[in-house]
Amino acid sequence: NWHLKENGRDHHTSKFSSKELIVRRGQAFIVTFNGTEQPEQNFTFITETGPQPSKLAKTQATFGISSTVSKESWNAVLQSTSSNSVSISISSPPNAVIGRYKLSVQSTSSGSSSPATLGTFVLLFNPWSSGDDVFMPNKAECDEYVLEEFGIIFAGNKNHINSFGWNFGQFQGDILNICLSMLDRSLNYRQDPATDVSHRNDPKYLGRVLSAMVNANDDQGVLLGNWSGNYDGGKSPSSWTGSGEILQNWKKSGYKPVRYGQCWVFAAVLTTVLRCLGIPTRTITNFSSAHDADGNLRVDEFYDASGNHLDRTADSIWNFHVWNESWFSRSDLGPSYSGWQVLDATPQEESGGIYQCGPASRNAIKEGDVDLDYDCPFVFAEVNADCMYWNYDYATGKKTLIFSQSTVIGQFISTKAVGRDDRVDVTNEYKYEEGSTKERDIFKKARKKLGLEDKFDPTAPTPQEIDQKPDISGKFKVAGPLEVGKDLNLILVLANLQSDVKTVHVNMTAWSTVYTRRPVHEIWKDSISVNLSPKEEKQFPIKMAYTEYQQQLTTDNMIQVTALCHVEGGIQVLVQRDITLDNPAIDIQVLGEAKVNKEVDVEVTFTNPIDMEVMGCVLQVEGNDLLRGILEIDIPPLKASETSSTKFKLIPFETGPKHLLVNFSCDKFADIKTFKMVNV
Numbered sequence: 057n058w059h060l061k062e063n064g065r066d067h068h069t070s071k072f073s074s075k076e077l078i079v080r081r082g083q084a085f086i087v088t089f090n091g092t093e094q095p096e097q098n099f100t101f102i103t104e105t106g107p108q109p110s111k112l113a114k115t116q117a118t119f120g121i122s123s124t125v126s127k128e129s130w131n132a133v134l135q136s137t138s139s140n141s142v143s144i145s146i147s148s149p150p151n152a153v154i155g156r157y158k159l160s161v162q163s164t165s166s167g168s169s170s171p172a173t174l175g176t177f178v179l180l181f182n183p184w185s186s187g188d189d190v191f192m193p194n195k196a197e198c199d200e201y202v203l204e205e206f207g208i209i210f211a212g213n214k215n216h217i218n219s220f221g222w223n224f225g226q227f228q229g230d231i232l233n234i235c236l237s238m239l240d241r242s243l244n245y246r247q248d249p250a251t252d253v254s255h256r257n258d259p260k261y262l263g264r265v266l267s268a269m270v271n272a273n274d275d276q277g278v279l280l281g282n283w284s285g286n287y288d289g290g291k292s293p294s295s296w297t298g299s300g301e302i303l304q305n306w307k308k309s310g311y312k313p314v315r316y317g318q319c320w321v322f323a324a325v326l327t328t329v330l331r332c333l334g335i336p337t338r339t340i341t342n343f344s345s346a347h348d349a350d351g352n353l354r355v356d357e358f359y360d361a362s363g364n365h366l367d368r369t370a371d372s373i374w375n376f377h378v379w380n381e382s383w384f385s386r387s388d389l390g391p392s393y394s395g396w397q398v399l400d401a402t403p404q405e406e407s408g409g410i411y412q413c414g415p416a417s418r419n420a421i422k423e424g425d426v427d428l429d430y431d432c433p434f435v436f437a438e439v440n441a442d443c444m445y446w447n448y449d450y451a452t453g454k455k456t457l458i459f460s461q462s463t464v465i466g467q468f469i470s471t472k473a474v475g476r477d478d479r480v481d482v483t484n485e486y487k488y489e490e491g492s493t494k495e496r497d498i499f500k501k502a503r504k505k506l507g508l509e510d511k512f513d514p515t516a517p518t519p520q521e522i523d524q525k526p527d528i529s530g531k532f533k534v535a536g537p538l539e540v541g542k543d544l545n546l547i548l549v550l551a552n553l554q555s556d557v558k559t560v561h562v563n564m565t566a567w568s569t570v571y572t573r574r575p576v577h578e579i580w581k582d583s584i585s586v587n588l589s590p591k592e593e594k595q596f597p598i599k600m601a602y603t604e605y606q607q608q609l610t611t612d613n614m615i616q617v618t619a620l621c622h623v624e625g626g627i628q629v630l631v632q633r634d635i636t637l638d639n640p641a642i643d644i645q646v647l648g649e650a651k652v653n654k655e656v657d658v659e660v661t662f663t664n665p666i667d668m669e670v671m672g673c674v675l676q677v678e679g680n681d682l683l684r685g686i687l688e689i690d691i692p693p694l695k696a697s698e699t700s701s702t703k704f705k706l707i708p709f710e711t712g713p714k715h716l717l718v719n720f721s722c723d724k725f726a727d728i729k730t731f732k733m734v735n736v
């Protein structure tokens with residue numbers, strides 16, 4: 057008798073719907089042997105994991121029943137006996153290898169030499185145990201970062217943060233088995249299975265291996281990335297609402313990469329896998345996130361004379377980027393670097409020859425200790441890089457610096473609050489206050505550690521270029537709603553900073569982009585010439601009709617507007633703004649009280665806000681403990697201003713606060729998401 061219920065409760069594993077025992081390391085679990093007399097003292101237990109169990113590799117242990125417990129090894133202690141049953145408490149060391157174990161017993165008295173297999177159990181990390189590398193003293197944080205199956209991911213841009221729900225579903229049906237098979241499909245396992253399994257006691261090691269396995273690069277991992285704006289042959293990254301479907305599709309297809317992921321999908325799946333294995337993990341969104349491809353802590357962007365953003369460099373500034381933080385100690389670096397560690401499964405740059413990133417200690421990033429393992433320079437640049445904006449002339453191949461900025465990267469770094477559906481800002485955990493001397497000192501320290509201070513960089517702007525002052529300033533102001541389906545109204549504001557007249561030739565463009573700010577389709581362009589009197593400010597209204605941009609928009613609903621101002625006798629001025637358009641709203645109502653095993657009706661309503669028919673409408677619904685799998689409902693076409701009301705039934709099977717996630721798509725609007733908390 058494995059005492060699944062009692063052991064599950066004691067080990068915080070009762071959310072797994074498994075017929076197999078699942079327990080956490082460094083903590084005792086009870087098994088009872090029925091039909092057994094008093095056990096002999098020469099009862100020997102054997103636990104083993106992996107393809108080549110060995111005592112040396114700590115993947116095998118043999119231990120008898122003893123009255124004293126050693127923290128450092130596997131133990132068996134007699135709990136109680138009756139006339140025909142024996143209960144034994146078995147415990148593992150707090151640094152045991154995690155994974156699926158076989159438990160056998162051998163009785164030397166009966167003269168039989170071969171051990172009898174009792175069955176298998178799964179051993180996980182234990183954040184509730186003070187001896188574990190992943191120990192998290194705050195119980196509410198353990199609940200959120202290990203046991204919570206619902207998450208909120210932040211997106212949009214720094215001027216306009218939006219969010220959507222996600223179903224991590226780490227305790228769903230087969231997810232634990234899929235997570236364990238991910239480990240057995242990694243490059244490390246394929247190269248040397250025994251050594252790989254012996255390292256599975258170390259969250260640093262597993263975090264790094266899994267950051268590689270969640271992307272398909274190198275190892276036929278879970279998700280194939282696609283940032284083109286065209287998602288034929290797969291599901292668009294913004295259409296997913298949870299990790300379960302992705303992981304199950306990966307397994308069902310015979311472990312072929314699932315199409316397609318972008319950063320938040322990679323991060324959400326890694327959250328699911330690490331929480332499932334017992335490592336406290338959360339998603340982090342960084343706004344204006346730098347992708348510094350050449351490791352010089354500088355991101356270069358190029359524009360042509362017409363103001364078009366050119367795809368000339370591997371460097372880029374993403375409107376937002378989502379990665380993970382996992383909580384564990386860093387015995388390799390020392391206690392001041394323990395705590396939250398950055399892991400990133402999005403394939404951006406190779407590390408050690410494959411697409412993996414981290415763990416990078418968040419404290420090391422804040423202190424500029426970029427020489428520490430792993431991948432600190434890349435993560436440091438994501439939140440700290442300087443930006444250089446250049447004008448590039450195709451005819452001559454000459455580039456001219458327009459301006460540079462050191463305070464734009466790494467803003468509003470966000471994660472979900474513990475126990476609440478709110479946003480928490482963690483920017484000051486990554487860096488000292490922007491523009492403070494401490495922050496600049498850390499930046500210099502990082503440059504020095506990377507050897508950038510001492511060597512001449514021919515691509516860097518000269519101090520004269522950096523110090524030049526523009527004669528005019530400009531900005532785009534929003535004048536009206538930022539909604540898909542409505543016309544986009546902006547105002548270009550230009551101001552003369554000098555006391556003489558300035559003549560300015562302005563080239564303007566608007567492009568639809570993906571969230572990495574990669575231009576996809578041109579929407580609009582225009583040019584004007586302006587005379588500005590001394591200290592004069594002028595406003596120029598810009599209107600883009602919905603019909604103009606509707607065909608060009610990507611599922612990210614993002615538009616980049618640029619004005620390159622050529623000032624006669626002065627330096628060029630670049631004015632730009634990234635705009636995220638909101639989808640129309642969708643509403644969920646639960647009609648009546650939600651009770652376990654009782655039907656309850658849910659109504660989803662959507663009003664078509666545009667003056668044309670929308671077609672191909674599909675509603676997708678999921679929610680842990682509220683319904684099994686994903687519900688898909690086709691909705692008839694909707695005429696202009698028409699409202700659709702869709703009803704369906706739920707039969708909840710667990711009590712407590714649960715989240716229902718809804719995703720609505722049609723030919724004119726992609727992936728309108730919302731969620732509703734349902735108290736069962």
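Mapping to my numbering: the sequence shown position 112 is 168, numbers consecutive.
C-beta: ideal position from N, C-alpha, C; glycine also.
Model, not experiment: these values are computed from the prediction.
The beta carbon of Arg418 lies closer than 7 Å to those of Glu381, Gly395, Trp396, Gln397, Val398, Glu485, Tyr486 in the same chain, with the five residues before and after it left out. Contact between the region 320-338 and the region 296-312 is present: 3 or more CB-CB pairs across the two stretches fall below 8 Å. When DSSP states are grouped into helix, strand and coil, Asp556 belongs to the coil group. Where Pro249 is concerned, the enclosing alpha helix (DSSP H) starts and stops at 249-254. When secondary structure is reduced to three states using DSSP, Gln404 falls in the coil class, being assigned neither helix nor strand. DSSP places Pro433 outside any beta strand (DSSP E); the residue lies instead in the alpha helix (DSSP H), whose first and last residues are 432-440. If you draw a 10 Å sphere on the C-beta of Gln228, you find 16 or more other C-beta atoms in it, and that means buried. CA-to-CA, the gap between Asn563 and Gln607 works out to about 23 Å. Annotated as proximal: Val646 and Lys732, with beta-carbon spacing under 8 Å. DSSP, reduced to helix, strand and coil, places Cys332 within a helical segment of the structure shown. When rounded, the separation of the alpha-carbon atoms in Ser139 and Val133 is 18 Å. In the structure shown, Asp523 falls within a helical segment according to DSSP collapsed to helix, strand and coil. Beyond the five residues adjoining it in sequence on each side, Val549 comes within less than 7 Å, by CB distance, of Gly530, Lys531, Lys533, Glu593, Gln595 in the same chain, given in chain order. Excluding its 5 nearest sequence neighbours in each direction, Pro183 has C-beta neighbours in its own chain below 7 Å: Val190, Phe191, Met192, Cys198, Val202, Gly334, Pro336, listed in chain order. For Lys501, the uninterrupted alpha helix (DSSP H) segment begins and ends at 493-505.
Under the Cβ criterion (8 Å, minimum of three pairs), the region 566-585 counts as touching the region 361-379. With respect to the C-alpha of Asn545, the residue from Ile635, Lys525, Phe468 having the closest C-alpha is Ile635. When Val474, Tyr430, Thr702 are compared, the shortest CA-CA separation from Glu405 is found for Tyr430. When DSSP reads this structure, Cys621 sits in a beta bridge with Val562, Val629.
Within its own chain, the residues whose Cβ lies closer than 7 Å to the Cβ of Ala196, once the five positions on either side in sequence are excluded, are Val474, Gly475, listed in chain order.
If only complete runs of 3 or more residues are kept, the region 177-261 shows the beta strand (DSSP E) at 206-213, 216-223, in order along the chain.
Closest by C-alpha distance to Asn215, out of Leu77, Phe468, Ala401, Gly712, is Phe468. Runs of the beta strand (DSSP E) lying entirely within the region 449-495 and spanning at least 3 residues, in chain order: 454-461, 467-472, 479-481. Ile78 is not a Cβ neighbour of His59, given a cutoff of 8 Å. If you draw a straight line from the Cα of Cys673 to the Cα of Gly285, it comes to about 20 Å. The beta-bridge partner set that DSSP reports for Ser700 consists of Phe662. For Ala152, the closest alpha carbon among the candidates Leu506, Val734, Ser185, Asp510 is that of Ser185. For Cys673, the beta-bridge partners assigned by DSSP are Ile691. Cβ neighbours of Ser385 within its own chain (closer than 6 Å, five residues either side excluded): Asp189, Ser394.
Taking C-beta atoms under 8 Å as the contact rule, Asn342 and Val439 qualify, at a distance of about 6 Å. Between the C-alpha atoms of Lys127 and Gly82 there is a straight-line separation of about 8 Å.
DSSP places Asn680 in the coil class of the three-state scheme, outside both helix and strand.
DSSP, read as helix, strand or coil, puts Ser267 in helix.
Apart from sequence neighbours up to five positions away, the residues of its chain that approach Glu509 with a beta-carbon distance below 8 Å are Lys500, Arg503, ordered along the chain. Annotated three-state conformation of Gly300 is helix, per DSSP. Between the C-alpha atoms of His715 and Gln676 there is a straight-line separation of about 14 Å.
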